[in-house]
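Novice:
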Amino acid sequence: MIDALLLLFGLVLLLVAADLLVKGASSVAARHSVSPLMIGLTVVSFGTSMPEMLVSFIAGMRGSADLAVANVLGSNIFNVLVVLGVACLINPLKVQTSTVVSEIPFSLSAAILLGFLANAALFSTGPELSISRLDGFILLGFFLLFMLYIFSISRAASEDDSGSPPAGSYLGSIAFILIGVAGLFLGGKWAVDGAVALAGQWGVDDAMIGLTIVAVGTSLPELAASAMAAYRKETDIAVGNVVGSNIFNILWILGVTASIRPLPFSAISNVDIVMVIVATLLILLAIASTRAAGITRPWGALFMAVYVAYMAYVIQRG
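Residue numbers (numbering that gives the first Met the number 0): 0 to 317.
#1: Can you have a look at L113 and say buried or exposed, based on whether 16 or more other CB atoms are within 10 angstroms of its CB?
#2: Here's the rule I'm using: 16 or more other beta-carbon atoms within 10 Å means buried, otherwise exposed. How should V11 be labelled?
#3: Going by Cα to Cα distance, which pick from G293, Q315, D134, L19 is closest to L88?
#4: Inspect the CB distances between the stretch 212-231 and the stretch 101-118 and report whether three or more fall short of 8 angstroms.
#5: Would you call the stretch 88-102 in contact with the stretch 255-268, where contact means no fewer than 3 C-beta pairs closer than 8 angstroms?
#6: Tell me the rounded alpha-carbon separation between V270 and Y169.
#7: Evaluate M37 with the Cβ neighbour count: other Cβ atoms within 10 Å of its Cβ, from every protein chain shown; 16 or more gives buried, anything less gives exposed.
#8: Tell me which residues share the same chain as L83 and place their Cβ nearer than 8 angstroms to its Cβ, disregarding the 5 neighbours each side in the sequence.
#9: If you draw a straight line from the C-alpha of L20 to the C-alpha of F122, how long is it?
#10: What do you get for T96, buried or exposed, if any count of 16 or more other CB atoms within 10 angstroms of its CB means buried?
#11: Using alpha carbons as the reference points, say which of V313, V85, G216 lies closest to M52.
#12: Which one of F175, F145, W201 has the shortest CA to CA distance from I249?
#13: What whole-angstrom Cβ distance do G209 and G73 have, given they're in contact under 8 angstroms?
#14: Specify the secondary structure class of I212 as computed by DSSP and reduced to three states.
#15: To the nearest angstrom, report how far apart I152 and M0 are at their CA atoms.
#16: Which residue's Cα is closest to the Cα of I176: V27, L147, F8?
#17: Which term fits A214, buried or exposed, when burial requires 16 or more other beta carbons within 10 angstroms of its beta carbon?
#18: Per DSSP, which residues does P263 bridge with? Please list them.
#19: Below 7 angstroms CB to CB, which residues in the same chain sit around A285 once its five sequence neighbours on both sides are set aside?
#20: Which residue marks the beginning of the alpha helix (DSSP H) containing K188, and which one marks its end?
#21: When you compare only the Cα positions, how much space is there between V255 and S131?
#22: Beta-carbon within less than 6 angstroms of V277's beta-carbon, same chain only, minus the 5 sequence neighbours each way: which residues are those?
#23: Taking 8 angstroms as the limit between beta carbons, can you name the residues of its chain near I111, skipping five residues before and five after?
#24: To which residues of the same chain is A194 closer than 6 angstroms at the C-beta, ignoring the five residues directly before and after it?
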(Lines of atoms letter the chains of each structure in order from A and count residues from 1; the text may use other names and numbers.)
(Lines give C-alpha, C1' and ligand atoms only; values in the text may rest on other atoms or scores of the structure.)
Protein backbone atom coordinates (compact mmCIF):
# COMPACT_ATOMS: atom_id res chain seq x y z
CA MET A 1 0.00 0.00 0.00
CA ILE A 2 2.80 2.42 0.94
CA ASP A 3 4.69 1.62 -2.28
CA ALA A 4 1.58 2.27 -4.37
CA LEU A 5 1.04 5.62 -2.62
CA LEU A 6 4.69 6.54 -3.19
CA LEU A 7 4.23 5.82 -6.89
CA LEU A 8 1.03 7.87 -7.02
CA PHE A 9 2.52 10.88 -5.20
CA GLY A 10 5.55 10.73 -7.51
CA LEU A 11 3.35 10.85 -10.60
CA VAL A 12 1.34 13.80 -9.28
CA LEU A 13 4.50 15.72 -8.40
CA LEU A 14 5.90 15.02 -11.87
CA LEU A 15 2.88 16.57 -13.55
CA VAL A 16 2.91 19.70 -11.37
CA ALA A 17 6.68 20.14 -11.70
CA ALA A 18 6.56 19.64 -15.47
CA ASP A 19 4.00 22.43 -15.82
CA LEU A 20 6.21 24.80 -13.81
CA LEU A 21 9.28 23.87 -15.83
CA VAL A 22 7.60 24.43 -19.20
CA LYS A 23 6.18 27.79 -18.06
CA GLY A 24 9.52 29.00 -16.75
CA ALA A 25 11.53 27.71 -19.72
CA SER A 26 9.20 29.31 -22.25
CA SER A 27 9.40 32.66 -20.45
CA VAL A 28 13.20 32.61 -20.20
CA ALA A 29 13.44 31.65 -23.88
CA ALA A 30 11.38 34.66 -24.92
CA ARG A 31 13.28 37.07 -22.64
CA HIS A 32 16.67 36.08 -24.02
CA SER A 33 15.48 35.84 -27.64
CA VAL A 34 16.29 32.15 -27.53
CA SER A 35 13.88 29.89 -29.35
CA PRO A 36 11.78 27.47 -27.30
CA LEU A 37 13.46 24.65 -29.25
CA MET A 38 16.85 25.61 -27.83
CA ILE A 39 15.46 25.74 -24.29
CA GLY A 40 13.86 22.34 -24.86
CA LEU A 41 17.19 20.93 -26.04
CA THR A 42 19.07 22.27 -23.02
CA VAL A 43 17.28 23.37 -19.82
CA VAL A 44 14.23 21.12 -20.15
CA SER A 45 16.21 18.14 -21.47
CA PHE A 46 18.74 18.35 -18.66
CA GLY A 47 16.06 18.78 -16.02
CA THR A 48 13.94 15.88 -17.23
CA SER A 49 17.02 13.63 -17.61
CA MET A 50 17.97 13.98 -13.95
CA PRO A 51 16.11 10.81 -12.86
CA GLU A 52 17.94 8.78 -15.53
CA MET A 53 21.21 10.33 -14.39
CA LEU A 54 20.55 9.44 -10.76
CA VAL A 55 19.50 5.85 -11.44
CA SER A 56 22.19 5.00 -14.01
CA PHE A 57 25.01 6.66 -12.07
CA ILE A 58 24.16 4.94 -8.80
CA ALA A 59 23.58 1.61 -10.56
CA GLY A 60 26.92 1.91 -12.35
CA MET A 61 28.81 2.80 -9.18
CA ARG A 62 27.25 -0.18 -7.41
CA GLY A 63 28.30 -2.55 -10.18
CA SER A 64 24.82 -2.98 -11.68
CA ALA A 65 25.92 -2.21 -15.24
CA ASP A 66 22.95 -3.97 -16.84
CA LEU A 67 20.55 -1.73 -14.96
CA ALA A 68 22.55 1.41 -15.81
CA VAL A 69 22.66 0.66 -19.55
CA ALA A 70 19.13 -0.76 -19.77
CA ASN A 71 17.74 2.32 -18.04
CA VAL A 72 19.26 4.63 -20.66
CA LEU A 73 18.29 2.49 -23.66
CA GLY A 74 14.81 1.80 -22.32
CA SER A 75 14.28 5.48 -21.56
CA ASN A 76 15.35 6.54 -25.05
CA ILE A 77 12.96 4.05 -26.65
CA PHE A 78 10.14 5.18 -24.37
CA ASN A 79 10.91 8.84 -25.10
CA VAL A 80 10.45 8.47 -28.84
CA LEU A 81 7.66 5.94 -29.06
CA VAL A 82 5.53 6.88 -26.04
CA VAL A 83 6.47 10.46 -25.11
CA LEU A 84 6.32 11.72 -28.70
CA GLY A 85 3.39 9.41 -29.37
CA VAL A 86 1.34 10.91 -26.54
CA ALA A 87 2.41 14.45 -27.45
CA CYS A 88 1.30 13.85 -31.06
CA LEU A 89 -2.10 12.63 -29.93
CA ILE A 90 -2.55 15.85 -27.93
CA ASN A 91 -1.40 18.14 -30.74
CA PRO A 92 0.32 17.40 -34.08
CA LEU A 93 3.97 18.36 -33.68
CA LYS A 94 5.49 20.83 -36.13
CA VAL A 95 9.22 20.20 -36.44
CA GLN A 96 11.77 22.87 -37.32
CA THR A 97 14.19 22.32 -40.18
CA SER A 98 17.21 22.49 -37.86
CA THR A 99 15.76 19.62 -35.84
CA VAL A 100 15.38 17.47 -38.95
CA VAL A 101 18.82 18.15 -40.43
CA SER A 102 20.86 18.48 -37.22
CA GLU A 103 19.42 17.44 -33.85
CA ILE A 104 17.66 14.21 -34.87
CA PRO A 105 20.65 12.99 -36.94
CA PHE A 106 22.90 13.82 -33.97
CA SER A 107 20.67 11.69 -31.73
CA LEU A 108 20.80 8.88 -34.29
CA SER A 109 24.59 9.17 -34.50
CA ALA A 110 24.88 8.98 -30.70
CA ALA A 111 23.03 5.64 -30.67
CA ILE A 112 25.20 4.26 -33.49
CA LEU A 113 28.36 5.48 -31.71
CA LEU A 114 27.29 3.75 -28.50
CA GLY A 115 26.71 0.50 -30.37
CA PHE A 116 30.15 0.70 -31.98
CA LEU A 117 31.97 1.50 -28.72
CA ALA A 118 30.13 -1.15 -26.70
CA ASN A 119 31.01 -3.82 -29.30
CA ALA A 120 34.56 -2.65 -30.03
CA ALA A 121 35.94 -5.78 -28.34
CA LEU A 122 34.60 -7.80 -31.27
CA PHE A 123 37.20 -6.09 -33.47
CA SER A 124 40.10 -6.41 -31.03
CA THR A 125 41.57 -8.79 -28.49
CA GLY A 126 39.44 -7.38 -25.69
CA PRO A 127 38.24 -9.97 -23.14
CA GLU A 128 34.58 -8.92 -23.10
CA LEU A 129 32.11 -6.37 -24.36
CA SER A 130 32.07 -3.20 -22.30
CA ILE A 131 31.73 0.56 -22.31
CA SER A 132 35.24 1.38 -21.15
CA ARG A 133 36.57 4.46 -19.40
CA LEU A 134 38.01 5.64 -22.73
CA ASP A 135 34.60 5.10 -24.33
CA GLY A 136 33.10 7.27 -21.61
CA PHE A 137 35.48 10.11 -22.44
CA ILE A 138 34.69 9.72 -26.15
CA LEU A 139 30.95 10.01 -25.40
CA LEU A 140 31.61 13.11 -23.30
CA GLY A 141 33.65 14.60 -26.14
CA PHE A 142 30.71 14.23 -28.52
CA PHE A 143 28.44 15.68 -25.85
CA LEU A 144 30.68 18.76 -25.72
CA LEU A 145 30.40 19.11 -29.51
CA PHE A 146 26.62 18.96 -29.23
CA MET A 147 26.54 21.67 -26.56
CA LEU A 148 28.81 23.90 -28.65
CA TYR A 149 26.41 23.47 -31.56
CA ILE A 150 23.41 24.33 -29.39
CA PHE A 151 24.99 27.49 -28.03
CA SER A 152 26.16 28.59 -31.49
CA ILE A 153 22.69 28.39 -33.04
CA SER A 154 21.18 29.87 -29.89
CA ARG A 155 23.44 32.91 -30.24
CA ALA A 156 22.57 33.23 -33.93
CA ALA A 157 18.86 33.16 -33.10
CA SER A 158 19.38 35.80 -30.45
CA GLU A 159 21.09 38.15 -32.93
CA ASP A 160 18.28 37.76 -35.47
CA ASP A 161 15.42 38.22 -33.01
CA SER A 162 13.98 41.69 -32.39
CA GLY A 163 10.89 40.76 -30.36
CA SER A 164 10.06 42.32 -27.01
CA PRO A 165 10.41 40.31 -23.78
CA PRO A 166 7.25 38.98 -22.15
CA ALA A 167 5.63 40.59 -19.15
CA GLY A 168 6.15 39.13 -15.68
CA SER A 169 8.97 38.58 -13.24
CA TYR A 170 12.23 37.22 -14.53
CA LEU A 171 13.08 35.86 -11.08
CA GLY A 172 9.68 34.22 -11.03
CA SER A 173 10.50 32.41 -14.28
CA ILE A 174 13.84 31.22 -12.88
CA ALA A 175 12.05 30.07 -9.73
CA PHE A 176 9.59 28.09 -11.85
CA ILE A 177 12.49 26.35 -13.60
CA LEU A 178 14.35 25.54 -10.37
CA ILE A 179 11.23 24.33 -8.57
CA GLY A 180 10.20 22.37 -11.64
CA VAL A 181 13.57 20.63 -11.96
CA ALA A 182 13.63 19.85 -8.22
CA GLY A 183 10.08 18.55 -8.37
CA LEU A 184 10.85 16.37 -11.40
CA PHE A 185 13.89 14.96 -9.63
CA LEU A 186 12.01 14.15 -6.44
CA GLY A 187 8.85 12.99 -8.20
CA GLY A 188 10.85 10.73 -10.51
CA LYS A 189 12.67 9.20 -7.54
CA TRP A 190 9.43 8.57 -5.67
CA ALA A 191 7.78 7.06 -8.75
CA VAL A 192 10.73 4.75 -9.46
CA ASP A 193 11.14 3.73 -5.81
CA GLY A 194 7.48 2.82 -5.62
CA ALA A 195 7.48 1.01 -8.97
CA VAL A 196 10.65 -0.98 -8.21
CA ALA A 197 9.30 -2.01 -4.81
CA LEU A 198 6.06 -3.18 -6.41
CA ALA A 199 7.97 -5.03 -9.13
CA GLY A 200 10.03 -6.79 -6.46
CA GLN A 201 6.85 -7.89 -4.74
CA TRP A 202 5.59 -9.25 -8.07
CA GLY A 203 8.82 -11.22 -8.65
CA VAL A 204 10.09 -9.32 -11.72
CA ASP A 205 13.85 -9.76 -12.33
CA ASP A 206 16.39 -6.91 -12.48
CA ALA A 207 16.98 -7.12 -16.23
CA MET A 208 13.31 -6.59 -16.96
CA ILE A 209 13.07 -3.79 -14.40
CA GLY A 210 15.83 -1.87 -16.20
CA LEU A 211 14.08 -1.80 -19.57
CA THR A 212 10.53 -1.51 -18.27
CA ILE A 213 9.68 -0.28 -14.78
CA VAL A 214 12.81 1.83 -14.19
CA ALA A 215 13.08 3.10 -17.78
CA VAL A 216 9.42 4.11 -17.85
CA GLY A 217 9.64 5.60 -14.37
CA THR A 218 12.68 7.74 -15.11
CA SER A 219 11.10 8.86 -18.40
CA LEU A 220 7.94 10.13 -16.73
CA PRO A 221 9.44 13.67 -16.49
CA GLU A 222 9.93 13.71 -20.27
CA LEU A 223 6.39 12.41 -20.73
CA ALA A 224 4.94 15.02 -18.39
CA ALA A 225 7.00 17.91 -19.80
CA SER A 226 6.39 17.07 -23.47
CA ALA A 227 2.69 16.35 -22.95
CA MET A 228 2.25 19.64 -21.12
CA ALA A 229 4.25 21.47 -23.82
CA ALA A 230 2.08 19.91 -26.55
CA TYR A 231 -1.07 20.88 -24.65
CA ARG A 232 0.21 24.47 -24.45
CA LYS A 233 1.11 24.23 -28.18
CA GLU A 234 4.80 24.70 -27.38
CA THR A 235 5.59 21.92 -29.85
CA ASP A 236 9.23 23.00 -30.23
CA ILE A 237 9.79 22.22 -26.56
CA ALA A 238 7.90 18.91 -26.87
CA VAL A 239 10.14 17.69 -29.71
CA GLY A 240 13.33 19.36 -28.46
CA ASN A 241 12.85 17.82 -25.02
CA VAL A 242 12.74 14.28 -26.42
CA VAL A 243 15.63 14.70 -28.87
CA GLY A 244 17.75 16.56 -26.33
CA SER A 245 17.01 14.06 -23.56
CA ASN A 246 18.01 11.13 -25.75
CA ILE A 247 21.31 12.80 -26.58
CA PHE A 248 21.87 13.67 -22.90
CA ASN A 249 21.09 10.09 -21.86
CA ILE A 250 23.63 8.43 -24.14
CA LEU A 251 26.43 10.97 -24.33
CA TRP A 252 26.24 12.61 -20.90
CA ILE A 253 24.83 9.96 -18.53
CA LEU A 254 26.67 6.94 -19.93
CA GLY A 255 29.70 9.12 -20.64
CA VAL A 256 30.00 10.31 -17.04
CA THR A 257 29.21 6.88 -15.57
CA ALA A 258 31.61 4.92 -17.79
CA SER A 259 34.43 7.46 -17.41
CA ILE A 260 34.32 6.86 -13.65
CA ARG A 261 33.63 3.12 -13.70
CA PRO A 262 33.65 1.00 -16.90
CA LEU A 263 30.35 -0.73 -17.65
CA PRO A 264 30.27 -4.39 -18.77
CA PHE A 265 27.92 -4.70 -21.74
CA SER A 266 25.59 -7.63 -22.44
CA ALA A 267 25.32 -8.70 -26.09
CA ILE A 268 21.53 -8.94 -25.82
CA SER A 269 21.47 -5.16 -25.27
CA ASN A 270 22.46 -4.74 -28.92
CA VAL A 271 18.83 -5.48 -29.76
CA ASP A 272 17.82 -2.51 -27.61
CA ILE A 273 20.38 -0.24 -29.29
CA VAL A 274 18.96 -1.26 -32.66
CA MET A 275 15.50 -0.41 -31.31
CA VAL A 276 16.72 3.07 -30.34
CA ILE A 277 18.02 3.52 -33.88
CA VAL A 278 14.79 2.25 -35.44
CA ALA A 279 12.68 4.52 -33.22
CA THR A 280 14.78 7.55 -34.23
CA LEU A 281 14.46 6.64 -37.90
CA LEU A 282 10.69 6.46 -37.42
CA ILE A 283 10.72 10.15 -36.44
CA LEU A 284 12.42 11.05 -39.72
CA LEU A 285 10.03 8.83 -41.67
CA ALA A 286 7.02 10.45 -40.01
CA ILE A 287 8.33 13.93 -40.83
CA ALA A 288 9.16 12.98 -44.43
CA SER A 289 5.69 11.54 -45.03
CA THR A 290 3.78 14.54 -43.63
CA ARG A 291 6.27 17.40 -43.95
CA ALA A 292 3.78 20.27 -43.85
CA ALA A 293 1.67 18.84 -41.04
CA GLY A 294 4.58 17.71 -38.87
CA ILE A 295 4.25 14.49 -36.85
CA THR A 296 0.53 13.78 -36.97
CA ARG A 297 -1.81 11.83 -34.69
CA PRO A 298 -1.80 8.62 -36.80
CA TRP A 299 1.98 8.52 -36.48
CA GLY A 300 1.66 9.04 -32.74
CA ALA A 301 -0.65 6.03 -32.53
CA LEU A 302 1.81 3.99 -34.63
CA PHE A 303 4.69 4.96 -32.33
CA MET A 304 2.77 3.67 -29.32
CA ALA A 305 1.80 0.46 -31.11
CA VAL A 306 5.46 -0.21 -31.92
CA TYR A 307 6.32 0.32 -28.26
CA VAL A 308 3.69 -2.19 -27.16
CA ALA A 309 5.18 -4.74 -29.59
CA TYR A 310 8.68 -4.03 -28.27
CA MET A 311 7.51 -4.48 -24.67
CA ALA A 312 5.95 -7.81 -25.62
CA TYR A 313 9.34 -8.87 -27.01
CA VAL A 314 11.19 -7.75 -23.86
CA ILE A 315 8.79 -9.64 -21.61
CA GLN A 316 9.02 -12.72 -23.83
CA ARG A 317 12.83 -12.76 -23.77
CA GLY A 318 12.76 -12.38 -19.98
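Quick reminder that beta carbons are idealized off the backbone N, C-alpha and C, glycines included.
All values reported here derive from a predicted model rather than from experimental measurement.
Specialist: The answer reads as follows:
#1: Against the sequence shown, residue 113 aligns to sequence position 114. L113 comes out buried.
#2: Along the sequence shown, read from residue 1 onward, the residue named residue 11 stands at position 12. By the neighbour-count rule (16 or more Cβ atoms within 10 Å), V11 is not buried but exposed.
#3: Position 89 of the sequence shown, counted from the start, is the residue given in the question as residue 88. Checked all of G293, Q315, D134, L19; the closest Cα to L88 is G293.
#4: no
#5: no
#6: As a working mapping, residue 270 is identified with position 271 in the sequence shown. As a working mapping, residue 169 is identified with position 170 in the sequence shown. Roughly 46 angstroms between the two C-alpha positions.
#7: As a first step, residue 37 is located in the sequence shown; it is residue number 38 there, counting from the start. Label assigned to M37: buried.
#8: Taking the first residue of the sequence shown as 1, we reach residue 83 at position 84. Only L92, S225, A237, V238, V241, I282, I294, G299, F302 meet the Cβ criterion.
#9: Counted from its first residue, the sequence shown places residue 20 at position 21. Counted from its first residue, the sequence shown places residue 122 at position 123. The alpha-carbon atoms of L20 and F122 are separated by roughly 45 angstroms.
#10: Stepping through the sequence shown from its first residue, residue 96 is reached at position 97. Burial call: exposed.
#11: Walking along the sequence shown from the start, residue 52 turns up at place 53. Ranking the options by Cα distance to M52, first place goes to G216.
#12: Along the sequence shown, one-based indexing puts residue 249 at 250. Nearest option by C-alpha distance: F145.
#13: Counting from 1 along the sequence shown, the entry for residue 209 is found at position 210. Counting from 1 along the sequence shown, the entry for residue 73 is found at position 74. That pair is a contact at about 6 angstroms.
#14: Numbered from its first residue, the sequence shown carries residue 212 at position 213. Helix.
#15: The count along the sequence shown starts at 1 and reaches residue 152 at position 153. The count along the sequence shown starts at 1 and reaches residue 0 at position 1. Each residue's Cα considered, the two are about 49 angstroms apart.
#16: By one-based count along the sequence shown, residue 176 stands at place 177. Nearest option by C-alpha distance: V27.
#17: For the purposes of this step, residue 214 is identified with residue 215 of the sequence shown, where counting begins at 1. Its Cβ being crowded by 16 or more others within 10 Å, A214 is buried.
#18: Locating residue 263 in the sequence shown gives position 264, counting from the first residue. Its beta-bridge partners are S129.
#19: Start at 1 with the first residue of the sequence shown, and residue 285 comes out as number 286. Here the set comprises I294, W298.
#20: For the purposes of this step, residue 188 is identified with residue 189 of the sequence shown, where counting begins at 1. From DSSP, the alpha helix (DSSP H) with K188 extends over 169-201.
#21: The residue given as residue 255 occupies position 256 in the sequence shown. The residue given as residue 131 occupies position 132 in the sequence shown. The alpha-carbon atoms of V255 and S131 are separated by roughly 11 angstroms.
#22: For the purposes of this step, residue 277 is taken as the residue at position 278 of the sequence shown. Within the same chain, V277 has no close Cβ partners at all.
#23: Reading the sequence shown from its first residue, position 112 is the one you call residue 111. Answer for I111: I276, listed in chain order.
#24: Position 195 of the sequence shown, counted from the start, is the residue given in the question as residue 194. L6, I212, G216.
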